[in-house]
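Worksheet: one structure, shown below.
In this note's numbering, the protein residues as written are 2 to 388.
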């Protein structure tokens with residue numbers, strides 16, 4: 002059975018595609034909010050808003066080309082990743098493995114592929130709509146800030162907001178909000194908004210693991226074997242930890258048996274576990290996988306990490322992920338400032354990226370962890386779609 006890192010790597014290229022799409026879309030948005038040069042004037046708030054909204058159609062066409070030009074790559078990678086996940090899932094069976102996939106497994110593969118392809122198409126649609134909404138909101142935000150500044154200046158000195166720096170300040174704050182909010186790729190049933198790369202990464206992990214487990218359990222059933230052992234890894238989630246290295250019956254009742262060394266082993270029913278809970282065994286983003294267990298033949302692995310050490314490792318891993326997200330966001334802000342040709346924003350973004358980089362270095366050094374550069378992925382310097 003493929004381990005967690007191997008399965009996650011299978012889906013990572015697809016998530017990387019959407020990380021790049023998201024970055025290119027955001028940088029293309031930033032092009033529409035370039036800083037004014039000294040001596041340039043933005044005009045009044047109404048005039049500015051009307052001009053920018055007239056450019057929305059052009060932005061939409063560019064966004065559609067950016068998404069469409071790269072999304073096809075993800076679809077091809079999806080099929081390859083699913084095939085590899087199923088192949089790796091059957092490694093445990095060795096010579097016991099049936100030579101061919103059953104019709105049931107073939108149908109399951111097609112279902113997983115179609116479901117994931119449909120979700121990627123949904124992400125593409127939501128991204129396009131979200132980009133348009135982000136543009137409208139940012140234009141409106143800038144116009145409001147212009148009116149507020151104009152009102153203050155009118156009261157103070159009878160002047161109006163015409164200076165480049167005053168406008169740039171209003172625009173800088175609005176664009177920062179736009180970048181912080183990001184582009185939405187998916188809205189779940191609870192109304193929570195997911196960024197495209199975050200949702201796709203989660204969905205690909207779930208899809209690879211689900212397809213892998215499906216292949217395992219279907220093959221196990223064809224061999225008239227109902228038992229499996231749950232894998233283990235450091236920093237397991239609280240609801241998963243108690244079931245590591247436990248023998249579980251996929252469909253049968255709890256009972257007692259012996260392992261390959263003749264040691265007594267208790268078999269738990271699946272209903273005894275946290276299976277079926279979102280954060281439970283084999284739930285969303287669960288990194289565990291089933292391993293082959295044959296009564297009187299297979300030895301049960303020894304649990305390597307105590308509960309307290311596991312809880313600490315889990316918390317540290319969550320902190321590490323947070324610092325990686327902060328680093329990626331800082332890189333994006335740097336590229337946005339560079340695209341907007343805003344010297345003030347660029348200096349601020351460089352300082353933020355330096356601090357994020359230093360925090361990651363300190364954290365990894367303190368906790369003996371390696372920096373995972375593939376998880377600190379940042380947007381490429383975008384090449385714009387031709388008109």
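Ideal Cβ positions, reconstructed from N, Cα and C, are used throughout, including at glycine.
By Cβ distance, which residues of its chain are closer than 7 angstroms to residue 9, with the 5 residues on each side in sequence left out?
-> These residues qualify, in order along the chain: 206.
Excluding the five sequence neighbours on either side, which residues of its own chain have a C-beta within less than 7 angstroms of the C-beta of residue 211, listed in chain order?
-> Take residue 211, set aside five residues on each side of it, and the residues of its chain with a beta-carbon closer than 7 angstroms to its own are 113, in chain order.
Please report how far the alpha carbon of residue 354 lies from the alpha carbon of residue 331, in whole angstroms.
-> One Cα belongs to residue 354, the other to residue 331, and the distance between them is close to 5 angstroms.
For the alpha helix (DSSP H) that residue 368 lies in, which residues bound it at each end?
-> 344 to 368
Could you check how far apart the C-beta atoms of residue 223 and residue 290 are, in whole angstroms? I think they sit under 8 angstroms.
-> About 18 angstroms; that fails the 8 angstroms criterion.
Going along the chain, which unbroken runs of the alpha helix (DSSP H) with 4 or more residues stay wholly within the stretch 43 to 122?
-> For secondary structure counted as the alpha helix (DSSP H) over 4 or more consecutive residues, the stretch 43 to 122 holds these complete runs in sequence order: 46 to 54, 57 to 90.
Is the CB-CB distance between residue 253 and residue 298 below 7 angstroms?
-> no
Would residue 235 count as contacting chain D if we go by Cβ distances under 7 angstroms?
-> The structure shown contains no chain D; it is built from a single protein chain.
Decide if the stretch 233 to 240 is in contact with the stretch 271 to 282; the criterion is three or more beta carbon pairs, one per stretch, under 8 angstroms apart.
-> Contact holds: three or more Cβ-Cβ distances are below 8 angstroms.
Give the DSSP bridge partners of residue 269, in chain order.
-> 249
Spatial neighbours of residue 340 within its chain, please: CB distance less than 7 angstroms, with the 5 preceding and 5 following residues excluded, ordered by chain position.
-> 28, 31, 32
Please check the pair residue 350 and residue 328, which I expect to be a contact at CB under 8 angstroms, by giving their CB distance rounded to whole angstroms.
-> With a Cβ gap of about 12 angstroms, residue 350 and residue 328 do not count as contacting.
Grab me the residues of residue 94's own chain with a C-beta within less than 7 angstroms of its C-beta, minus the 5 sequence neighbours each way, in chain order.
-> 220, 293
Sub-7 angstroms separation of residue 79 and residue 55 beta-carbons = no
Whose CA, out of 234, 218, 324, 375, lies closest to the CA of residue 310?
-> 234
Along the beta strand (DSSP E) that carries residue 229, what are the first and last residues, could you check?
-> For residue 229, the enclosing beta strand (DSSP E) has its first and last residue at 228 to 231.
C-beta contact flag for residue 198 and residue 19 at 7 angstroms | yes
Return the chain-ordered list of same chain residues with a C-beta closer than 7 angstroms to the C-beta of residue 140, the five sequence neighbours on each side being excluded.
-> For residue 140, where only same-chain residues beyond five positions count, the Cβ hits under 7 angstroms are 50, 53, 54.
Where does residue 254 sit, in a helix, a strand or coil, going by DSSP?
-> Residue state for residue 254 is assigned as coil, using DSSP reduced to three classes.
Exposure of residue 69, with buried meaning 16 or more beta-carbon neighbours within 10 Å = Only exposed fits residue 69, as fewer than 16 other CB atoms lie within 10 angstroms of its CB.
Could you tell me the distance, in whole angstroms, from the CA atom of residue 306 to the CA atom of residue 202?
-> 27 angstroms
DSSP-derived helix/strand/coil call for residue 14 = helix
In whole angstroms, what is the alpha-carbon distance linking residue 85 and residue 92?
-> For the pair residue 85 and residue 92, the Cα-to-Cα distance works out to about 11 angstroms.
Check whether residue 14 and residue 168 have beta carbons under 7 angstroms apart | no
When 60, 136, 263, 282 are compared against residue 249, the one with the closest alpha-carbon = 282
Report buried or exposed for residue 375, applying the criterion of at least 16 other Cβ atoms within 10 angstroms of its Cβ.
-> exposed
Leaving aside the five residues before and after residue 146 along the sequence, list all residues of the same chain whose C-beta is less than 7 angstroms from its C-beta, in chain order.
-> Setting aside the 5 residues that flank it on each side, residue 146 is surrounded in the same chain by 171, 174, 175, each with a C-beta closer than 7 angstroms to its C-beta; the list follows chain order.
Apart from the five residues on each side of it in sequence, which residues of its chain come closer than 7 angstroms, Cβ to Cβ, to residue 321?
-> Its chain contains 364, 370 as the residues whose beta carbon lies nearer than 7 angstroms to that of residue 321, once the 5 sequence neighbours on both sides are disregarded; these appear in chain order.
Enumerate in chain order the residues of its own chain whose CB-to-CB distance from residue 23 is below 6 angstroms, with the five nearest sequence positions on each side excluded.
-> 184, 197, 198
Just how far apart, CA to CA, sit residue 258 and residue 318?
-> 36 angstroms
Could you pull out every residue in the same chain whose Cβ sits closer than 6 angstroms to the Cβ of residue 46, ignoring the five residues on either side in sequence?
-> 144, 147, 148
Which class does residue 276 belong to by DSSP, given the choice of helix, strand or coil?
-> coil
Between the CA atoms of residue 314 and residue 323 - distance to the nearest angstrom | 14 angstroms
So what does residue 187 bridge to, in DSSP terms?
-> 195
Nearest-angstrom Cα separation, counted from residue 129 out to residue 21 | The C-alpha of residue 129 is placed about 15 angstroms away from the C-alpha of residue 21.
Apart from the five residues just before and just after residue 103, which ones in its own chain have a Cβ nearer than 7 angstroms to its Cβ?
-> Excluding positions up to five away in sequence, the list reads 219, 223.
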